[in-house]
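Chemist: Chains as they are written, first to last, in this note's numbering: chain G, 8 to 256; chain Z, 8 to 256; chain W, 8 to 256; chain U, 8 to 256; chain A, 8 to 256; chain V, 8 to 256; chain B, 8 to 256; chain S, 8 to 256. Just so it is clear, CB atoms sit at the ideal spot from N, CA and C, and this is done for glycine as well. Remember, it's a predicted structure, so these values are computed and weren't measured experimentally. My questions will all concern the structure given below.
Number of protein chains: 8
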Amino acid sequence: MDPELLHQLLGNVAAGRTSVEDAAKRLQHLSFEDIDYAHIDHHRSLRKGFPEVIFGQGKTADQITGIMQRMMSQENTVLVTRIDRQQADQVVSILSDVIYHPDARMLVWERKKMPIRGKGTIVVLSAGTSDIPIAREACLTATVMGNQVESIFDVGVAGIHRLFDHKDLIDRASVLVVVAGMEGALPSVVAGMVSRPVIAVPTSVGYGVSLGGLTALFAMLNSCSSNVAVVNIDNGFGAGYMAAIINRI
Amino acid sequence: MDPELLHQLLGNVAAGRTSVEDAAKRLQHLSFEDIDYAHIDHHRSLRKGFPEVIFGQGKTADQITGIMQRMMSQENTVLVTRIDRQQADQVVSILSDVIYHPDARMLVWERKKMPIRGKGTIVVLSAGTSDIPIAREACLTATVMGNQVESIFDVGVAGIHRLFDHKDLIDRASVLVVVAGMEGALPSVVAGMVSRPVIAVPTSVGYGVSLGGLTALFAMLNSCSSNVAVVNIDNGFGAGYMAAIINRI
Amino acid sequence: MDPELLHQLLGNVAAGRTSVEDAAKRLQHLSFEDIDYAHIDHHRSLRKGFPEVIFGQGKTADQITGIMQRMMSQENTVLVTRIDRQQADQVVSILSDVIYHPDARMLVWERKKMPIRGKGTIVVLSAGTSDIPIAREACLTATVMGNQVESIFDVGVAGIHRLFDHKDLIDRASVLVVVAGMEGALPSVVAGMVSRPVIAVPTSVGYGVSLGGLTALFAMLNSCSSNVAVVNIDNGFGAGYMAAIINRI
Amino acid sequence: MDPELLHQLLGNVAAGRTSVEDAAKRLQHLSFEDIDYAHIDHHRSLRKGFPEVIFGQGKTADQITGIMQRMMSQENTVLVTRIDRQQADQVVSILSDVIYHPDARMLVWERKKMPIRGKGTIVVLSAGTSDIPIAREACLTATVMGNQVESIFDVGVAGIHRLFDHKDLIDRASVLVVVAGMEGALPSVVAGMVSRPVIAVPTSVGYGVSLGGLTALFAMLNSCSSNVAVVNIDNGFGAGYMAAIINRI
Amino acid sequence: MDPELLHQLLGNVAAGRTSVEDAAKRLQHLSFEDIDYAHIDHHRSLRKGFPEVIFGQGKTADQITGIMQRMMSQENTVLVTRIDRQQADQVVSILSDVIYHPDARMLVWERKKMPIRGKGTIVVLSAGTSDIPIAREACLTATVMGNQVESIFDVGVAGIHRLFDHKDLIDRASVLVVVAGMEGALPSVVAGMVSRPVIAVPTSVGYGVSLGGLTALFAMLNSCSSNVAVVNIDNGFGAGYMAAIINRI
Amino acid sequence: MDPELLHQLLGNVAAGRTSVEDAAKRLQHLSFEDIDYAHIDHHRSLRKGFPEVIFGQGKTADQITGIMQRMMSQENTVLVTRIDRQQADQVVSILSDVIYHPDARMLVWERKKMPIRGKGTIVVLSAGTSDIPIAREACLTATVMGNQVESIFDVGVAGIHRLFDHKDLIDRASVLVVVAGMEGALPSVVAGMVSRPVIAVPTSVGYGVSLGGLTALFAMLNSCSSNVAVVNIDNGFGAGYMAAIINRI
Amino acid sequence: MDPELLHQLLGNVAAGRTSVEDAAKRLQHLSFEDIDYAHIDHHRSLRKGFPEVIFGQGKTADQITGIMQRMMSQENTVLVTRIDRQQADQVVSILSDVIYHPDARMLVWERKKMPIRGKGTIVVLSAGTSDIPIAREACLTATVMGNQVESIFDVGVAGIHRLFDHKDLIDRASVLVVVAGMEGALPSVVAGMVSRPVIAVPTSVGYGVSLGGLTALFAMLNSCSSNVAVVNIDNGFGAGYMAAIINRI
Amino acid sequence: MDPELLHQLLGNVAAGRTSVEDAAKRLQHLSFEDIDYAHIDHHRSLRKGFPEVIFGQGKTADQITGIMQRMMSQENTVLVTRIDRQQADQVVSILSDVIYHPDARMLVWERKKMPIRGKGTIVVLSAGTSDIPIAREACLTATVMGNQVESIFDVGVAGIHRLFDHKDLIDRASVLVVVAGMEGALPSVVAGMVSRPVIAVPTSVGYGVSLGGLTALFAMLNSCSSNVAVVNIDNGFGAGYMAAIINRI
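Next comes the structure, spelled out in structure tokens:
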């Protein structure tokens, strides 16, 4: 349950604006709610500062809608990742204030915009045109979590002057997310230029021995720069999330 | 070159205490110094806030000593990682104010202690007794970089009550480093308890399908908790470094 | 041939209710029956206590129907696994007393319900919503084999309090089946809580370095808990079968 | 803490034979004891029916001795696995009532023999001469845990009549452990002969595409017999442990 | 060019029944014929005793037809492997005396039946129902190459008595082809029963860690029986071919 | 920007035929041009002698058209690789002077034919009929880059006399590109015959343990001939490009 | 038991030269003999035409000596493979008529030379100097089993004229064994030249992506020649054995 | 045989300075010489412009000495690669005019210095200190083959300014060899700066997921720069050889 909503509720009880019975009913699922196909972890936003995020892949539109509805009663923000347009349209036809971002394959519902909570600017870079959807997933996640986000796309190492042209913005970043497929070299180069933490995201872009992103992943884990940590292949959401909580230390 | 030393030097020139010629000579390698077998990156501490760290494995004691000597003239701190006792003893016999930490397999030289620069406490957890050396590498790195560090060892998931017994310390952490081999499950469980960033370190501890740490690595990258990013197998140094720069955002 | 049916037949011969010729004809395939595309092992239920189970994947609906018909004349129970709705519908249109369970992708025919033969309760747990079909396959298999089965779904380690909430049921189990994809950490945590055998089932749920379930499989085989043994990826049937025969020791 | 010892202690307190202070002191580490390099889980024998087992590989003889000493004050049985003769000799020179079993690479300390608790006979089979040490580890573990154990060695499938010669013993088994390297075919053949659970142990015996045991492991997981579950490569201990707890259902 | 046809042609020239010019024209492509997308190796039947076989997969129906037409003018037999029904129908609609065998996915054209040239009977065994198409490919290939072939299907090791029931035929074989997926154990067991060469064919049948046939392949290469050699996954044709030329030594 | 076009432009400015303002406007994107989804590297043809090549796979027809249009204003040649007919038709319907080569899956636009710049003949060989598309990609790339190119298809090592028949042409080559799938043996054999550099291209042709081209790749990297270097699986373009720049040394 | 020895024994019984009691005692282990660490399969030479062969690796010199002694009482030939000089010397010091062949790492004991039983000449080829030990293992095995064997070493494909120089011998072979490491191309080239069966042996010779012989193995399994079957990496013994039994069809 | 030596010999015959018999004897091994453990390919220097190079690993010092002696009678240059000091010392003690280069692990014998035959300068770059031995192997090979060679060591991408500092030399290169381990990013960055061919050499330097050089290899094969081709892991010799023959086009 969102901490702000919880405080409101308890404030209302203290002020006599809400009866104890009503509040108790509202809070009965504070730990988690069991809805047959899911144990929704309503306690997560209290414990972790951000509610559970719904992983759309492998769930039906009905399941997603059902989980969202229960979360919307208790949270300020609800996110769904990895959801394609067809499923998203089904959800939006029922929950009309949910917005689908096709370039990031995400659904977003916000009771109200989250205020900026991050300390500096998160900069998201990507190596190639085909890496952009994953980069957009990272941008959108960090933005929704209350951060100033800027992006630089298509600055792969084969024409490294394109990267240096953005040196000012890169130097200003408090946290960087670097997205790359194929040989996955961009995070090492970027991390060598800055003193800030870099979250590297390998993508499955490529063919032959790109091995579905394993080559980029392994290259990033072997980075000769020390200020790099890595998330799963194509996990733009995880990188944006990690950048957001780092930006709040 | 250490920023503080650079400022001192330029201050001395401004005040006439150091001649331009002497200062120029001292600064001639500011970008990097080429010593046959290495291009020492003296610019790194200006650019990245911490000097280059020497990767000991695969270098001779002579090479390590040579690089250290050149760095000690320009930096406040010099670290060597992955160096065994035999090589370390050779280095220490020449550079007597260098200290060897056998439990972390590291050499440390400090002109003076770095003041505490991190905002909160970094907590390092490890799953098994055999993971301790990697955990110690992380602890020592973060400490030398100016952080308050606490550690909790041998709290693997097979007896999960041992972990919960340390819940207060875990909740207090600003950044967590979690070290585990075998099935690599500890980072997921710890990350599910906190809102802070977790740097996960897989180790090569185990046998059979531990696959030299690959299983733990892949498990950590697949963590169902979003506040986890991962470094290379057995890379305790990298995790400690990453935690230190995150702790300074 | 089902042992009970065999006893009935021989009893009838002894009592003169069935002629020797008729009995001989009925028993001629006792070892196995060759029907062009299959050697049906009718001896299995005598030898192993449960008849051969038909692996549906890669067989035509006609082949499945043919094998089922021959088995139904000799057994009390016939199971088909990994059969999708389209094929199942074809089979059911011919063999009308067969029931299709779409959530477990199984066909079940029972001459009569098998009586409860297991000693305690088998508890099936699954980590995520997408693991449920495999978990259902395990539940249905163990139930048909004459066991009391209970299930707990969506209790992944990222919100471990959801698991502890079911501690009573977990403690009561005589055998546990634990189903998980991604990092496959749940069996280790569950096994650490109980003294009973845990059959772990990795699933192919996940992306990137989940490697189609290999990561979960390897993690489970590396479990730091000793009371864990593992079956093939997505093999819910095998886990249910194994749990059932353990429950009968 | 061993349940029997715990009952004795509490009985003594009730009878006034032990003061509350003494008992409290003895029980202060009931949950776990922290000895710098290990969190010893003294609670495990209460929770799981058997105390923590010490994984010797990667620990020093001093560490092993230290952990054993603390456990011996609280348990009836202490086991160490994967310990070579040199380390074992160091431990035995200090803890003289500990016995080293070189063929199983295990150390065993028993306050008194555990009574037979298993319901039937556990039968351990191995395919080749080189698989025997792993098979012995399984035998010894199950024996120490209070079971009747019999073994059949060197009955690989290339001369399958050797296996059938032991059919009586195999049919009598309540649980079977089958150990094999190379192509790992023995568990499938044995499991096809019986109705009881088979715990399969792949070994790293072989060369070329035995791949250090991975081929045997994968073959066993793909077994066309359903009554097979698998443990990690060379994990004779785990198989013996699993067989012991199954034998007690 | 088929040796028999070549002899006929040269005989006709010697007897004056064919002019030198006509013979020369017919023989001009004796080495190979270049038809834009293929170098047809007409010399192969002289050199190797059997003409080139067309690998259908990845070729268009037009390409296959074109190659067949040129070969039919010079050979007694033309085979195409791995061709699905749709492509085959297109070829047959043009070359009407070609026969499609859908159960082996092969096209066969024979000017006249090849006489029996093999010394004994080739026996083809397969482990499961799903392995049958690959087994049929082996049977058909060996038959077309002039051998007596017998087959035994669905005799996997989980019910090993089914195999022993065919012991007479197995003992009579001069060469054996054994086809199996999943754990690939059947070739080891069969080879342990006989003194004759066994050609093992792994199939891609299975799921999870069958790894598309790699597990069966590796298991067969690790066979503890010495009279086993292996061909590529699903390569029924190669096994039949190899058995045929061995049978002719 | 094409060096020739740049010289023309600057010549026009010098001669007063173009105003400084117009030239400046034309040159403003000389470094790169940012068009939302791509940073087009217009500087590449100055720096590398050939403009950026568009990797078609994973880009929409609209994106490809947009990038081509911007490049066509500044370059003499624009190439797109890995584009299927459907997407190509969309591009050609807008940019009518672009030519689609379906056998190489490439789009080519040339302001004027590039003059022959290579010193000798580049010879492209391929092992099997199915390798031809990749070989054609290499041929077309090297031709467009201004080279004399000849090709020899379907000369795999199973009928090695077909290869020797082309010995004259092979001996005349200044650079060779050798394309092969399956066991990838052709480059070793060809390289053993000549003193010139061989660029080897593994293809994904094959089945079973061809492993999508990995086997051919690894075989080529292990070539016992020293004059072989290798590019990614199916990367006919890269091989043609590399051959072209070598041919110009 | 060797068939000839068995006939002698029974002949002696028939002729009254041996008592029934003595014969019975001698035959009591006809099926197999259990000597604690091994089930010696004395029945094998009757069943398979050649006695069990002892795999030396992983056995102690004592175990090897013990098994040999029991076999020498019942067989005409006893072989040990993969035994290094140190162990061999220990065996020979006890069993003085055993001969060690260091170049093949084998021990051979022969009561009398086996007469030539193979129909033609077995030719063993190897690609490089480092492959010779494996080739020698194949030669020695086939020789001991009663075959005419010839060898051609160091004829790798990088200088293919060396191979063609031996064309006469190659054409004369009835069975060929081809041994190669690195890219493993030699079997394909040789098999393309002949109509006889080729047994290919990959070796672990090489570095980098030779992957311990996996690359050669996979290349051989992908051979574009159909008359190739493959044995495990470095398995010279198996190839010689297979060639010997093929040569006897 | 070296072409120059061959011309001298034939000139002497023509001039009557050498008898036909003597010349014939000298030329009898022109094709190859068979010395038991090797077929020395004396024809190679005529065919390929450079004699066979001896791969030292896995050969005895005696074998190396034997091969060298035979080659020294026919060639101007003899190279041995991958030979450690101990073996090298044995060779040099017999062949005193052979020189060992320990930093490149190579033996070199030159009748006389080869004149410079390459057109431009070959530049060899390496990423880290530990990559230097492989880089030195490339330098020495190219030098011996008659090229101007320059080297730049320790310019990894984590401090990319070190690389740009050498831009002039890089721009002047006619061919580049780039050596890197870990993430293998350097070749992409260098290739993006130049229009010349880059031969990339992955090294086995690193730990964890460097996977013995596979990660660097795969990254280089996936390079987003087109002017890169790759050789085997640690194959400095092959890269130097390839660069030398390219430099001579």
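To the nearest angstrom, report how far apart Leu183 of chain S and Thr210 of chain S are at their CA atoms.
Modeler: Roughly 16 Å between the two C-alpha positions.
Chemist: Assign Ile123 of chain W to one of two classes, buried (16 or more other C-beta atoms within 10 Å of its C-beta) or exposed (fewer than that).
Modeler: Exposed: under 16 other Cβ atoms inside 10 Å.
Chemist: Counting only Cβ pairs nearer than 9 Å, list the residues of chain Z close to Asn229 of chain G.
Modeler: Here the neighbours are Asn239.
Chemist: How should Gln94 of chain Z be labelled, buried or exposed, when 16 other C-beta atoms within 10 angstroms of its C-beta is the threshold for buried?
Modeler: That one is buried.
Chemist: Does Phe160 of chain A have its Cβ less than 7 Å from a Cβ in chain U?
Modeler: Not one chain U Cβ lies under 7 Å of Phe160 of chain A.
Chemist: Could you list which residues in chain U have their beta carbon closer than 7 Å to that of Arg169 of chain Z, in chain order?
Modeler: Correct list: Phe39, His46 and Asp48.
Chemist: Quick one: is Thr210 of chain G near chain V, going by C-beta distance under 7 Å?
Modeler: So, not an interface residue.
Chemist: Tell me which residue opens and which closes the beta strand (DSSP E) that Pro122 of chain W is part of.
Modeler: Run containing Pro122 of chain W: none; DSSP gives neither H nor E here.
Chemist: Here's the rule I'm using: 16 or more other beta-carbon atoms within 10 Å means buried, otherwise exposed. How should Asp43 of chain A be labelled?
Modeler: Under this definition Asp43 of chain A is an exposed residue.
Chemist: Grab the span of the beta strand (DSSP E) containing Gln155 of chain B for me, first residue to last.
Modeler: From DSSP, the beta strand (DSSP E) with Gln155 of chain B extends over Gln155 to Ile159.
Chemist: Quick check on the DSSP output: the beta strand (DSSP E) that includes Thr222 of chain W runs from which residue to which?
Modeler: No beta strand (DSSP E) holds Thr222 of chain W; the alpha helix (DSSP H) holding it covers Leu221 to Leu228.
Chemist: Given that Val85 of chain Z touches chain G, what residues does it touch there, using C-beta distances under 7 Å?
Modeler: Near Val85 of chain Z there are no residues of chain G at all, since even the closest Cβ is about 15 Å away, more than 7 Å.
Chemist: Which residues in the same chain as Ser52 of chain S place their Cβ atom closer than 7 Å to its Cβ, once the five residues preceding and following it in sequence are excluded?
Modeler: Counting only Cβ-Cβ distances below 7 Å, and skipping sequence neighbours, we find Met8, Asp9, Pro10, Pro58 and Glu82.
Chemist: Using only alpha-carbon positions, find the residue among A:Asn239, A:Ile253, A:Gly199 and A:Asn19 that is nearest to Ser233 of chain A.
Modeler: Checking every option, the nearest Cα to that of Ser233 of chain A belongs to A:Gly199.
Chemist: Using a Cβ-Cβ cut-off of less than 9 Å, give me the residues of the region 136 to 147 of chain U that come near chain B, in sequence order.
Modeler: So the list reads Thr136, Ser137 and Ile139, given in the order they occur along the chain.
Chemist: Pull out every residue of the region 87 to 99 of chain A whose Cβ sits closer than 7 Å to any Cβ of chain W, in chain order.
Modeler: Under the 7 Å Cβ criterion, the region 87 to 99 of chain A contributes no residue.
Chemist: So what's Glu82 of chain Z in DSSP terms, helix, strand or just coil?
Modeler: Looking at Glu82 of chain Z - three-state DSSP - the assignment turns out to be coil, as it is neither helix nor strand.
Chemist: Please determine if the region 25 to 35 of chain U and the region 178 to 192 of chain W are in contact, where contact requires at least 3 C-beta pairs separated by less than 8 Å.
Modeler: No contact exists between the region 25 to 35 of chain U and the region 178 to 192 of chain W.
Chemist: How far does the beta strand (DSSP E) with Ser217 of chain U in it extend, from its first residue to its last?
Modeler: Unbroken run through Ser217 of chain U: none, as it is neither H nor E.
Chemist: Any residues in the region 193 to 210 of chain S with a beta carbon nearer than 8 Å to a beta carbon of chain G? Which ones, in chain order?
Modeler: Flagged, chain order: Ser195, Val196, Ala198, Gly199 and Met200.
Chemist: What did DSSP end up calling Val140 of chain Z once you bin it into helix, strand or coil?
Modeler: Checking the sequence shown, residue 140 of chain Z turns out to be Pro, not Val. The answer is helix: DSSP assigns Pro140 of chain Z an H, G or I state.
Chemist: For Phe62 of chain W, which residues does DSSP report across the bridge?
Modeler: Beta-bridge pairing links Phe62 of chain W to W:Thr88.
Chemist: For a cutoff of 7 Å on Cβ pairs, would you count Lys55 of chain A as touching chain B?
Modeler: It does; some Cβ of chain B falls within 7 Å.
Chemist: Is there a C-beta anywhere in chain W that falls below 7 Å from the one on Gly215 of chain A?
Modeler: Output row for Gly215 of chain A: interface = yes.
Chemist: Got a sec: is the Cβ-Cβ distance from Met249 of chain W to anything in chain U below 7 Å?
Modeler: It does: the Cβ of Met249 of chain W has a partner Cβ on chain U nearer than 7 Å.
Chemist: Output yes if chain V places a C-beta closer than 7 Å to the C-beta of Ala165 of chain B; else output no.
Modeler: It does; some Cβ of chain V falls within 7 Å.
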